[in-house]
Structures are given as C-alpha cells and as structure tokens.
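At position 79 of the sequence shown the residue is numbered 78 (numbering that gives the first Met the number 0), and the sequence of numbers has no breaks.
In this text, a Cβ means the ideal position worked out from N, Cα and C, and glycines have one as well.
The block underneath contains the structure these notes are about, expressed in structure tokens.
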Amino acid sequence: MSRPRASRLLTWLLRSWTPPAVLALGLALGCGRAAPQAPPPIRVAAAADLALAFEALGADFERRSGRRVTFSFGSTGLLARQITQGAPFDLFAAANESFVDAAVASGACDGATKAAYARGRVVVWTRRDGVRPPMSVEELADARFARVAIAHPEHAPYGQAAKQALITAGIWDALEPRLVYGENVRQTLQLAESGNVEAAIVALSLVTADATHPWLLVDDALHRPIDQALVVCTRGADRDGGEAFARFVSSPEGRVVMRRHGFLLPNETLPEREASAAVRGGDGEGTSWAQRGGAAREATATEGASATHARADERRGGT
0 MSRPRASRLL TWLLRSWTPP AVLALGLALG CGRAAPQAPP PIRVAAAADL ALAFEALGAD
60 FERRSGRRVT FSFGSTGLLA RQITQGAPFD LFAAANESFV DAAVASGACD GATKAAYARG
120 RVVVWTRRDG VRPPMSVEEL ADARFARVAI AHPEHAPYGQ AAKQALITAG IWDALEPRLV
180 YGENVRQTLQ LAESGNVEAA IVALSLVTAD ATHPWLLVDD ALHRPIDQAL VVCTRGADRD
240 GGEAFARFVS SPEGRVVMRR HGFLLPNETL PEREASAAVR GGDGEGTSWA QRGGAAREAT
300 ATEGASATHA RADERRGGT
C-alpha cells in the first residue's frame with residue numbers, strides 16, 4: 000500500500016470509528032510488544048535452621064526493595080555439594096563456615112564476600128504433653144527418652160554439635176542405639192513435634208518463639224562453636240541481588256530479626272523476651288518450666304560449669 004493511500008485510510012478510520020473501536024485498534028497494534036517482565040527472584044541456598052529468620056527477612060527485603068527472594072532450605076552439607084556441582088544460587092548461607100570455605104575453594108563462591116552472621120546455639124526440645132523434660136543433657140540417658148532425634152552429623156552442622164555435646168557429656172555410647180537421624184535440623188524438630196521421638200536436639204533459632212513446649216539451652220562448652228557464615232555465589236544469575244540480600248542480613252534492620260530468632264554474633268545477647276524464656280513450657284498455673292528449674296540450675300551453675308569445662312577439655316585433649 001502506498002504512503003498517501005495509507006494516510007487517507009488512517010484519516011478515515013479516525014473520523015468514522017467510535018472511540019472504543021479506535022482503542023481496540025491501538026491495542027491490536029500494540030499487542031506485538033512484550034510486557035515488561037519482573038526480574039527473576041534472587042535465589043538463596045540456606046541452612047535449615049535459618050528458615051524462620053530468612054522467611055521474615057525475605058518478606059521485609061521485598062517490601063523495601065521490590066525484589067523477591069526464593070529460598071532453598073536444607074542440610075548445609077547437601078546444599079554445599081549442590082553449589083560446588085554447579086547449582087545456580089546467588090547466595091549461600093551455611094550453618095558452619097567450613098562449608099563456605101569449601102565452596103569458595105571450589106570456585107563456586109567469592110571468598111571476598113564471606114561474612115559471619117551468627118554463632119549458633121543448640122537446645123533440647125520436648126513436647127509439653129510428652130515425657131518429663133530434662134534438666135541437663137546428661138539426663139537424656141534416662142530410660143524415659145526411648146528415642147532422641149538429632150540431625151545427621153555427616154552433613155548437618157547442628158547434628159555434629161549435638162553429637163559432640165553427647166560425647167562430651169559422656170552419654171553418647173548409651174544413647175546412640177536410641178538415636179533417630181533427621182535429614183536436617185528442621186526435619187529433626189518435626190520428628191519430636193509429631194511424637195515420633197521423645198526429644199530432639201535442634202537449633203535455638205527454630206524454637207525462640209515457642210512459648211508452649213519445654214526447651215533446654217545446651218551449654219556451648221559441650222561442643223565446638225557453630226560459627227555460621229554466608230557468601231555470594233559466582234554461578235547464579237543475579238550476583239548483585241545476592242550481594243544486596245547479604246547486606247540486608249547484616250544491616251541494623253536485619254540484625255534485629257536475626258537476634259529475635261536467636262542468631263547472635265559473639266558480642267550480642269538475646270532480646271530480653273527470648274532471654275527470659277531460655278527454657279519455656281507452661282504448666283497451666285502461670286509458672287513456666289524455666290521458672291521451676293531455674294533456681295536449681297542457678298544454685299549449681301558454678302560447680303556444673305567447672306565440671307563441664309573439665310570434661311570438654313579432657314575429651315578434646317585440652318584444646
């Protein structure tokens with residue numbers, strides 16, 4: 000069609016068609032243009048103990064930045080294996096920094112971006128309607144704990160810490176036949192929540208908000224420090240997004256959320272509400288299990304701490 004003829008046709012259309020028809024024509028002419036697409040989500044591989052904290056952080060990050068974050072929670076060791084084998088994550092948050100170092104050594108992550116985000120703590124969790132909760136790790140050897148769950152020590156840092164605590168406490172040999180292994184620390188807690196085991200040794204971060212069921216904070220002298228770190232990956236599609244979320248985790252706003260879930264750096268303490276609930280589980284009469292056992296624990300704290308450190312030094316060869 001010649002240009003003058005096309006011009007006359009357009010003029011006729013504009014004069015004769017109703018406004019809806021003109022609008023329809025405009026839509027038809029523009030239908031070939033692709034609508035702007037939202038950027039792909041930032042992909043984060045994170046240890047299972049981070050589930051509650053990172054889900055809260057992810058929602059907050061999206062509100063502030065408009066960027067969506069998707070999480071793959073699991074055992075740190077298994078996630079590290081996926082990353083070193085080429086899984087396209089943008090950020091890796093591990094429950095033990097040794098797995099971050101291994102990912103960096105493989106070339107899958109950038110060591111310059113490594114940052115500590117917490118030193119993990121371990122608890123013994125029991126159901127409120129289950130057996131009488133323990134007042135110490137050593138008490139798990141009692142026959143009333145027919146089954147005790149821990150995360151698998153081969154690939155789960157909290158499982159490694161649980162095993163170390165049981166060995167240092169001198170009850171590993173007695174308890175090992177009764178152990179049930181979870182794939183990761185979150186699944187380990189679910190084993191106890193469902194009643195399949197009488198107790199579970201899990202991460203503090205998964206139970207800080209639990210005001211119903213009893214949980215006992217394990218003395219960190221019983222196991223090696225659980226130093227947790229994150230690192231930006233080199234094979235993901237959005238390195239900038241991974242860096243942005245890593246910065247948010249370490250920001251003042253992010254640290255508030257992390258502390259609320261029990262993720263403390265060495266110079267930090269639990270918020271007052273969580274600290275006062277170091278062991279929780281009401282008895283229906285306004286007195287928590289923590290309050291009933293607190294006086295006895297306080298009276299023996301000095302003696303017990305000395306004995307604990309002595310056992311730890313003996314089993315670690317004085318180191």
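Residue environment, Q227, which counts as buried when at least 16 other CB atoms sit within 10 Å: Within the sequence shown, the letter at position 228 stands for residue 227. Around the C-beta of Q227, 16 or more other C-beta atoms lie within 10 Å, and the residue is accordingly described as buried.
Give the single residue among V130, E192 and F88 whose Cα lies nearest to the Cα of A142. As a position in the sequence shown, residue 142 is number 143, starting the count at 1. Each of V130, E192 and F88 was checked against the Cα of A142, and the nearest Cα belongs to V130.
Are the beta-carbon atoms of A245 and L229 separated by less than 7 Å? The sequence position of residue 245 within the sequence shown is 246, counting from 1. The sequence position of residue 229 within the sequence shown is 230, counting from 1. Cβ distance < 7 Å, so A245 and L229 count as in contact.
By the DSSP assignment, the beta strand (DSSP E) with T69 in it spans what residues? As a first step, residue 69 must be located in the sequence shown, where it is residue number 70. It spans V68 to G73 - the beta strand (DSSP E) in which T69 sits, taken as one unbroken run.
So what's A150 in DSSP terms, helix, strand or just coil? Within the sequence shown, residue 150 is the residue found at index 151, counting from 1. Note: A150 maps to strand in three-state DSSP.
Please list the terminal residues of the continuous alpha helix (DSSP H) segment that includes Q186. Translated into positions along the sequence shown, residue 186 becomes position 187. Counting along the chain, the unbroken alpha helix (DSSP H) around Q186 starts and ends at V184 to E192.
Hey, out of N266, H260 and L264, whose CA is closest to L51's CA? By 1-based counting over the sequence shown, the position of residue 51 is 52. Among N266, H260 and L264, the Cα nearest to that of L51 belongs to H260.
What residues match up with I225 in a beta bridge as DSSP calls it? Stepping through the sequence shown from its first residue, residue 225 is reached at position 226. Answer by DSSP bridge pairing, in chain order: G119.
Out of V206, P87, C108 and D89, point me to the one whose CA is closest to S97's CA. Counted from its first residue, the sequence shown places residue 97 at position 98. Among V206, P87, C108 and D89, the Cα nearest to that of S97 belongs to C108.
Within a Cβ cutoff of 6 Å, which residues of the same chain sit near G110, ignoring the five residues on either side of it in sequence? Translated into positions along the sequence shown, residue 110 becomes position 111. Same-chain partners within the cutoff: V103.
Beta-carbon within less than 7 Å of C232's beta-carbon, same chain only, minus the 5 sequence neighbours each way: which residues are those? Residue numbering aside, residue 232 sits at position 233 when the sequence shown is read from its first letter. Counting only Cβ-Cβ distances below 7 Å, and skipping sequence neighbours, we find I82, F88, D89, L90, F91, A107, C108 and G241.
Could you give the residue range of the alpha helix (DSSP H) that holds A44? The count along the sequence shown starts at 1 and reaches residue 44 at position 45. Element bounds for A44: not the alpha helix (DSSP H) but the beta strand (DSSP E), I41 to A46.
Nearest to P224 by CA position, among F72, R258, A202 and A243, is which residue? Walking along the sequence shown from the start, residue 224 turns up at place 225. Per the C-alpha coordinates, the member of F72, R258, A202 and A243 positioned closest to P224 is A202.
Using C-beta distances below 6 Å, list every residue in its chain close to F70, excluding the 5 sequence neighbours before and after it, in chain order. Here residue 70 is taken as the residue at index 71 of the sequence shown, counted from 1. Once the five neighbours on either side are set aside, the close Cβ partners of F70 are V43, A45 and F53.
Identify whether A55 lies in helix, strand or coil by the three-state DSSP scheme. Here residue 55 is taken as the residue at index 56 of the sequence shown, counted from 1. The answer is helix: DSSP assigns A55 an H, G or I state.
What are the start and end residues of the beta strand (DSSP E) that includes V136? Your numbering for residue 136 matches position 137 in the sequence shown. Unbroken run through V136: none, as it is neither H nor E.
Assuming H212 contacts T125 under a Cβ cut-off of 8 Å, what Cβ separation, rounded to an integer in Å, is found between them? Position 213 of the sequence shown holds residue 212. Position 126 of the sequence shown holds residue 125. Yes, H212 and T125 are in contact; Cβ-Cβ is about 7 Å, under 8 Å.
Determine, using beta carbons only, whether V217 and V121 come nearer to each other than 7 Å. Within the sequence shown, residue 217 is the residue found at index 218, counting from 1. Within the sequence shown, residue 121 is the residue found at index 122, counting from 1. Result yes, Cβ atoms of V217 and V121 sit closer than 7 Å.
Extent of the continuous alpha helix (DSSP H) to which I170 belongs: Along the sequence shown, read from residue 1 onward, the residue named residue 170 stands at position 171. Counted as a single uninterrupted DSSP element, the stretch harbouring I170 is not any alpha helix (DSSP H), since DSSP gives it neither H nor E.
Helix or strand or just coil, what does DSSP make of L264? Here the question's residue 264 lines up with position 265 in the sequence shown. Note: L264 maps to coil in three-state DSSP.
Based on Cα-Cα distance, which residue from M257, M134, A47 and L178 lies nearest to L77? Here residue 77 refers to the residue found at position 78 of the sequence shown. Relative to L77, the option among M257, M134, A47 and L178 whose CA is nearest is A47.
Start-to-end residues for the beta strand (DSSP E) that takes in A93: Taking the sequence shown and counting its residues from 1, the one referred to as residue 93 is at position 94. Following the DSSP letters along the chain, one finds A93 inside the beta strand (DSSP E) bounded by residues L90 to A93.
How far does the beta strand (DSSP E) with G181 in it extend, from its first residue to its last? Locating residue 181 in the sequence shown gives position 182, counting from the first residue. Note, G181: beta strand (DSSP E), L178 to G181.
Reduced DSSP category for V206 - H, G, I as helix; E, B as strand; rest coil: Looking up residue 206 in the sequence shown gives position 207. DSSP places V206 in coil when its eight states are reduced to three.
Check whether the stretch 179-199 touches the stretch 143-150, taking contact to mean three or more Cβ pairs, one atom from each stretch, closer than 8 Å. By the Cβ rule, the stretch 179-199 counts as touching the stretch 143-150, because three or more pairs are nearer than 8 Å.
Are V123 and A198 touching if we call contact CB-CB under 7 Å? If you number the sequence shown from 1, residue 123 lands on position 124. If you number the sequence shown from 1, residue 198 lands on position 199. A contact, by the Cβ cut-off of 7 Å.
Measure the C-alpha to C-alpha separation of W288 and D172 and round it to an integer number of angstroms. Stepping through the sequence shown from its first residue, residue 288 is reached at position 289. Stepping through the sequence shown from its first residue, residue 172 is reached at position 173. Confidence in W288 is poor, its pLDDT being 36 and thus under 50, which makes the residue's placement unreliable; the coordinate value appears in the next sentence. Rounded to the nearest angstrom, the two C-alpha atoms are 29 Å apart.
Alpha carbon to alpha carbon, what distance is there between V68 and D237? Here residue 237 refers to the residue found at position 238 when the sequence shown is read from its first residue. Here residue 68 refers to the residue found at position 69 when the sequence shown is read from its first residue. D237 and V68 have their C-alpha atoms roughly 11 Å apart.
List the residues that DSSP assigns as beta-bridge partners of A245. Here residue 245 is taken as the residue at index 246 of the sequence shown, counted from 1. Its beta-bridge partners do not exist; DSSP assigns none.
Measuring alpha carbon to alpha carbon, tell me which residue in S204, S193, A161 and A168 is nearest D128. Here the question's residue 128 lines up with position 129 in the sequence shown. The shortest Cα separation from D128 among S204, S193, A161 and A168 belongs to S193.
Quick check: the Cα distance between R320 and R258, rounded to an integer number of angstroms? Beyond the ends of the chain as shown, which are 0 and 318, falls residue 320; an answer cannot be given.
Use the C-beta contact count for D239: other C-beta atoms within 10 angstroms, 16 or more gives buried, fewer gives exposed. In the sequence shown, the residue the question calls residue 239 occupies position 240. D239 should be labelled exposed.
Could you name the residues of the same chain whose beta carbon sits closer than 6 Å to that of R296, not counting the 5 residues immediately before and after it, in chain order? Counting from one through the sequence shown, the residue named residue 296 turns up at place 297. Because the pLDDT at R296 is just 33, under 50, the model does not fix this residue reliably, and the value given afterwards should be weighed accordingly. Excluding residues within five positions, none has a Cβ falling inside 6 Å.
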